[in-house]
Structure formats: C-alpha cells, structure tokens
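Trainee:
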Amino acid sequence: MQLTQWVMAQQIKILSHDNTAIINKTGVGSLVVNGSMEYFKGMLNVNEGSMVVNSVLGASDIVVASGAKLTLGDNTNIILYGCSITVEDGATLELGSNSTITVNLEEDFTGSTNLFNIADSANLAQNGESITLAGVEELITVTYNGQTLDNSQWSLDAQTGKLTVVPEPSTYAMIFGAIALGFVAYRRRK
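According to our numbering, the sequence shown is numbered sequentially starting from 92.
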C-alpha cells in the first residue's frame, strides 16, 4: 500500500496476519492515524514527510528514512512482531509521554540482533521523563556512538525497574587499594 497525502472521512482497517504486507508513507505531507493498527504485522516504511500514530501500531519492521519523521502520540503503543526499528541519519522518531514499544516474543523472533538501529545524526525525541527497559533484561544490548553496552555494564531489577550501573573491575581495585593504603598508614602510626 503506497500512502502519500491522505485525508479520509471513513474508517478503514489495516491488518495483515503475516509479515508480507508493506506500507510505504511517501510524499512531503503528513499522515495521521487515529485508528488501531494493532494487528498489522507487515513492514512500515516512513520514506518522506511525517506520520503521526495516535493509537496502537503493530509491525514487523519499522524504518524511518532520512528527512522523515514518525511520531507516537501520548499513550501510544508500538507492538513489534519480530524484527527491528531503524531510524536513519537525519530521521526523527518522536515518542509522546507514556508511549511504549513492546516486542511480542510470542511470534517467531527471527531477524537481526539489532532491535533499535539509530544512526548517528538521527533524532530520538521523547516528551516524557523516563525510558523503561523491562522483561528480557539479560538480552538487552545498546549501541550508541559506536560503543556497545550490554548487561555486563548494568543490572536491571525487573521488580522495581531500577537500572544500576555495574562498576568496572578497575574501580574495585582502586577502592581496595585505597583501603590497603589506609590500613598501612594506620599501622605505621602505631
């Protein structure tokens, strides 16, 4: 389905029970989706202009091309049926407050290991005050500015949602070294 500028007074239902369907948003105009696309399991390409989703968006892959913008309104959810979200150089993914991105692991989870691909000059705008990572904490990997972080650099408490940075071994060595020097200085004074 090719979408450019589209204004429609009637309600349509877009769904796909497998990941073979593709929606391409083209043209400099804006496409606003107020109805649910929860059961759409195909690929969504925002190639030009902007797309605003004010309900539930389901997809297997989402690609926001350079110069394009995908906006999730407040309390909007993306249900990802398998693969990835790619935000290319110069593209924008804007999340409204209380928006969520959910990976549906009940589906076959095949595809790249990069769930979120955000290019260096892409914009990730978020109106809320926090980002929560929950559910599969041992599988979370983040790559930012060429540096990859995984669960060896942090721990996530699934009960509280608290993200704690794990210190490097050199930090422990420095702490124990300072304690040892303090002990030696104490013993010398006696």
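Cβ atoms here follow ideal geometry from the backbone N, Cα and C, with glycine treated the same way.
Being a predicted model, the structure only gives us computed values, none of them experimental.
#1: Measure from the alpha carbon of Ile114 to the alpha carbon of each residue in Leu135, Tyr130, Val123 and Phe131, then state which is nearest.
#2: According to the neighbour-count rule (16 or more other Cβ atoms, all chains shown, within 10 Å of its Cβ), is Phe267 buried or exposed?
#3: What are the residues that DSSP puts in a beta bridge with Met134?
#4: Using a Cβ-Cβ distance under 8 Å, would Glu185 count as near chain D?
#5: From Asn145, Ile176, Gly158 and Lys160, pick the residue whose C-alpha is nearest to that of Val123; which is it?
#6: Buried or exposed for Ala271, please, with buried defined as at least 16 other CB atoms from any protein chain shown within 10 angstroms of its CB.
#7: Leaving out five residues on either side along the sequence, give the residues of the same chain with a beta carbon under 8 Å from the beta carbon of Leu148.
#8: Using three-state DSSP, classify Val123 as helix, strand or coil.
#9: Applying the criterion that 16 or more other CB atoms from any shown protein chain within 10 Å of the CB defines a buried residue, is Gly133 buried or exposed?
Mentor: In this structure, then:
#1: Leu135
#2: exposed
#3: Ile113 and Asp152
#4: In summary, chain D is missing from the structure at hand, where a single protein chain is found.
#5: Ranking the options by Cα distance to Val123, first place goes to Asn145.
#6: exposed
#7: Val124, Met128, Glu129, Phe131, Leu135, Leu163, Thr167, Asn168, Ile169 and Ile170
#8: Per DSSP, reduced to three states, the secondary structure at Val123 is strand.
#9: buried
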